[in-house]
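So the structure is just underneath, and the comments pick up after that.
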Amino acid sequence: MIEKERLSETDSIYNYYDGDKILGYLEIRLVDGVLDIMNLFVNEDSRNKKIATSLMNEMIEKEDYNKIMLEVNENNSIALKLYTKLGFKEISMRDRYYGDDNAIIMEKVK
Ligand SMILES: CC(C)(COP(=O)(O)OP(=O)(O)OC[C@H]1O[C@@H](n2cnc3c(N)ncnc32)[C@H](O)[C@@H]1OP(=O)(O)O)[C@@H](O)C(=O)NCCC(=O)NCCS
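Residue numbering for the sequence shown follows our numbering, starting at 11 and increasing by one per position.
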């Protein structure tokens, strides 16, 4: 079950529950129609069961945004695959954003 919790005027978190245990979460910030993915995490032993996909889809359905933006490590192939599948497009890159690794900036327009 997914529940949204409001953290502040701009920030919210979607939690994925199994009973009372949180298996994954998606933290977002929404300012002037631009929604930023701040964090997406699924517990290691619960991965590859579509939990991240469900969290993202729930958020996409519920939130009132013009576009969604995110930064992902260029070597995080699993996250890149997930975001590409959800319709995100690479728009630019930030060099050495994660130590030696570059960040890929992705966007999904409504
Ligand atoms: C990235 C992360 C959130 C994905 O969570 P998840 O619940 O396992 O993802 P899903 O089960 O919804 O899988 C989505 C897609 O990712 C890919 N994927 C997931 N696990 C994979 C694995 N072990 N190997 C290869 N591809 C995988 C698949 O393409 C999958 O879609 P498909 O099954 O239809 O092919 C999770 O691995 C995680 O928490 N990683 C550490 C934190 C992180 O990197 N967050 C993203 C920061 S931008």
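For every residue, glycine included, the Cβ atom is placed at its ideal position computed from N, Cα and C.
A quick note: this is a predicted structure, and the numbers were derived from the prediction, not measured.
task: Kindly list the residues whose CB is nearer than 6 Å to the CB of L104, restricted to its own chain and excluding five residues on each side of it in sequence; keep chain order.
output: Looking at the sequence itself, residue 104 is Arg, so the reference to Leu does not match. Once the five neighbours on either side are set aside, the close Cβ partners of R104 are A113.
field: Where K95 falls: helix, strand or coil (DSSP)
entry: The answer is helix: DSSP assigns K95 an H, G or I state.
query: What did DSSP end up calling E68 once you bin it into helix, strand or coil?
result: It is helical.
task: Leaving out five residues on either side along the sequence, give the residues of the same chain with a beta carbon under 8 Å from the beta carbon of N67.
output: For N67, where only same-chain residues beyond five positions count, the Cβ hits under 8 Å are L96.
field: Alpha-carbon spacing of I23 relative to D74, whole angstroms
entry: Going from the Cα of I23 to the Cα of D74 covers about 15 Å.
- prompt: Among the residues of its own chain, which have a CB less than 8 Å from the CB of K72, if the five just before and after it don't count?
  reply: Cβ neighbours of K72 beyond the five flanking positions: K14.
message: Between which two residues does the beta strand (DSSP E) holding G34 run?
response: Start and end: K31 to V41.
message: Would V52 and L80 be called neighbours here (beta carbons separated by less than 8 Å)?
response: L80 is positioned such that its CB atom lies no closer than 8 Å to that of V52.
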